[in-house]
Amino acid sequence: MAQTGDQEHRNLLLAVSRKDRHAFEALYLQVSPRLYGVALRMLKRPELAEELLQDVCITIWDQAGNYNSDYSAPLTWMTNIVRNRAIDRLRRLESSNPAVDDDMDLLHGTDPGPLALYEQAQSSQRLDDCMKQLSAEQRQSIFLAYYHSLSHAAIAKKMGQPLGTTKSWIRRGLAQLKGCLGL
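Take the sequence shown: its position 146, counted from the start at 1, is 201 in my numbering, and no numbers get skipped.
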């Protein structure tokens with residue numbers, strides 16, 4: 056009888072915890088494409104994803120004995136290792152050159168110029184004019200969604216309307232705004 060993926064991964068992890076190189080190779084061949092995909096989606100750079108996958112494989116080799124099947128499936132455990140390492144890597148990359156960013160802000164200034172302020176005011180006025188053309192329900196729904204960051208379900212509850220009605224108001228209102236603004 057064939058083993059399920061999870062059961063096979065559990066058995067391979069158990070063998071890897073006993074430092075079985077053949078089991079590690081089999082596990083790597085099965086899970087590395089998925090783990091690499093997670094790393095690549097998060098890091099957006101193939102060379103960083105490959106490097107991260109190598110680090111994670113070493114961790115899996117070293118920590119396989121710590122895997123507990125009561126807490127998660129094997130692939131979930133390994134994916135979480137990739138995810139956490141990728142988050143750490145992104146944080147390090149973001150903080151590696153803060154002085155350069157600060158220097159660029161000083162060079163270019165952070166305050167908008169007079170032309171930018173004027174254009175912003177014009178855009179704001181156009182949006183206000185277009186919002187006034189919406190029905191009260193559409194206007195309120197869009198306002199709650201975009202200015203108060205409420206979910207569609209929260210808006211429906213607040214307005215005492217069915218969820219589908221609220222979604223329709225938002226969808227139709229946004230379409231009307233798009234047309235009014237010429238987007």
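Heads up, the beta-carbon is just placed ideally off N, CA and C, and yes, glycines get one too.
Asked	Found
Cβ-based burial, Leu172 [other Cβ within 10 Å; buried from 16]	exposed
C-beta atoms of Gly215 and Leu189 nearer than 8 Å	no
Gln175 in three-state terms, based on DSSP	helix
Element boundaries [alpha helix (DSSP H), containing Arg89]	76–98
As assigned by DSSP and simplified to three states, the class of Gln188	coil
Met133 versus Ser204: straight-line alpha-carbon distance, rounded	34 Å
With 16 other Cβ atoms within 10 Å as the buried cut-off, status of Pro88	exposed
Length of the line joining the Cα atoms of Met56 and Val86	Bear in mind that a pLDDT of 41 at Met56, under 50, signals an unreliable position, so the number given afterwards is only what the model happens to contain. Cα to Cα, the separation comes out at about 21 Å.
Inter-residue Cα distance where the pair is Arg138 and Ala200	30 Å
Local conformation of Arg226 per DSSP, three classes	helix
Assigned exposure category for Leu67 - 16 Cβ within 10 Å defines buried	buried
Proximity to Arg100 [Cα-Cα], best of Gly234, Ile115, Leu148, Leu130	Leu148
Assigned secondary structure, Asp125 (DSSP; H/G/I helix, E/B strand, else coil)	coil
Three CB pairs or more closer than 8 Å across the stretch 115–124 and the stretch 66–85	yes
Met97 vs Ala128 beta-carbon contact at 8 Å	no
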